[in-house]
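Taken in order, the sequence shown gives residues 0 to 305; the numbers are from numbering that gives the first Met the number 0.
C-beta: ideal position from N, C-alpha, C; glycine also.
Quick caveat: nothing in here was measured; it's all calculated off a predicted structure.
What follows is a set of notes on a single structure, which appears directly below.
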Amino acid sequence: MRLKQEDTLLNNNTNNLYMSEIPVDKQKLAAPIKSVVDKFQLLPEFLKVRGLVKQHLDSFNYFVNTGIKKVVSANDRIVSYIDPGIYLRFSDVRIGNPSMTTYEKINPHTCRLADMTYAAPIFADIEYVQESHGQRTRLEKKNVVMGRMPIMLRSCRCVLYGKDEAELARLGECPLDPGGYFIINGAEKVIPIREQLAKNRIIIDADNKGNITASVTSISETIKSQTVIQMDKEKIYLLLNQFVKKIPIMVVMKAMGMESDQEVMQMVGADPCYSALLLPSMEECACIGIYTQEQALAYLDTKISM
């Protein structure tokens with residue numbers, strides 16, 4: 000009996016030693032999964048870790064904790080046009096707890112039944128200058144209610160945050176409800192996810208004809224535009240929202256002040272393949288009769304969409 004136990008122990012140690020000597024291919028483990036079937040098998044594990052609404056909750060939590068403070072700090076001072084010495088400044092802003100009024104607390108289930116909005120007050124600390132009889136006084140006010148904001152269920156500002164199943168049941172909520180939505184006038188509302196191109200990133204692509212394009216999407220406070228550099232029949236063009244049609248790239252270069260073809264080549268690169276690539280575009284620009292910056296700007300002026 001003892002001999003059999005020693006043999007079993009020896010075999011187990013041998014197997015463990017053999018398994019430890021098998022090399023692990025780390026590159027294979029880290030390689031991207033290309034098969035749709037393999038990706039579908041990973042979906043249950045992804046849902047266990049991230050869930051369906053985790054991105055909504057993370058985004059909302061960041062906004063109420065950090066984002067709203069950055070927005071206010073970037074526009075924290077309001078100055079009088081008549082007298083710059085009179086101003087109003089927001090020193091801090093924060094989101095309170097969900098409530099019917101300023102302090103009366105409320106829960107989501109009550110809002111559903113009473114057709115109410117599940118919202119919380121927005122508090123701000125304000126510093127301002129008041130003038131009376133020619134004398135100016137600097138004053139401060141704390142916890143000034145600036146408005147109300149709907150609260151996402153299960154977020155860090157929600158009364159359901161961190162509650163166990165018994166507490167959720169007491170509040171009239173389903174423990175399996177993941178949250179990530181709002182209650183507006185008693186109705187459940189969700190913000191849909193919308194995919195868009197990355198801002199200020201060059202994206203290289205090819206159309207159905209095999210033409211190579213490079214596009215950049217830029218968004219400012221007043222305008223959203225997409226700049227596209229396209230190759231068509233060995234010639235390079237610029238496509239922009241402000242122009243009614245595509246513009247030869249060499250016209251754009253000359254409008255920017257690079258009137259000499261040699262200067263353009265120095266900017267692009269000294270490799271002969273670049274000059275061969277730009278040669279058809281240079282010939283097209285010469286055929287149009289554009290050689291100077293003034294001529295290029297006048298040409299672009301005629302192509303601007305009204």
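- Comparing alpha carbon positions, the residue from Val63, Lys69 and Arg88 closest to Asp75 is Arg88.
- Fewer than three Cβ pairs drawn from the segment 161-171 and the segment 66-80 lie within less than 8 Å of each other, which leaves the two stretches out of contact.
- Inter-residue distance for Leu237 and Pro247 is about 6 Å (C-alpha atoms, whole angstroms).
- A Cβ-Cβ separation of about 10 Å leaves Lys69 out of contact with Val92 under the 8 Å criterion.
- One alpha carbon belongs to Ile303, the other to Cys173, and they sit about 58 Å apart.
- Secondary structure at Gly66: helix, using DSSP grouped into helix, strand and coil.
- Look at the segment 82-161 and you find these whole runs of beta strand (DSSP E), each 3 residues long or longer: 86-94, 118-131 and 134-149.
- The residue among Lys244, Leu112, Asp260 and Ser217 with its C-alpha nearest the C-alpha of Glu282 is Asp260.
- Rounded to whole angstroms, His55 and Asp163 show a C-alpha spacing of 21 Å.
- Only residues of its own chain outside the window of five on either side were considered, and among them Ile211, Thr212 and Ala213 have a CB closer than 8 Å to the CB of Ile203, listed in chain order.
- When C-beta atoms of the segment 118-131 are compared with those of the segment 148-155, three or more pairs fall below 8 Å, so the two segments count as touching.
- Between Ala254 and Gln292, the gap from beta carbon to beta carbon is short of 8 Å.
- Here Pro97 is buried: its Cβ has 16 or more other Cβ atoms, across all protein chains shown, within 10 Å.
- Taking C-beta separations shorter than 6 Å and ignoring five residues to either side along the sequence, the partners of Glu187 in its chain run Tyr180, following chain order.
- With contacts defined by Cβ atoms closer than 8 Å, Gly209 and His108 do not form a contacting pair.
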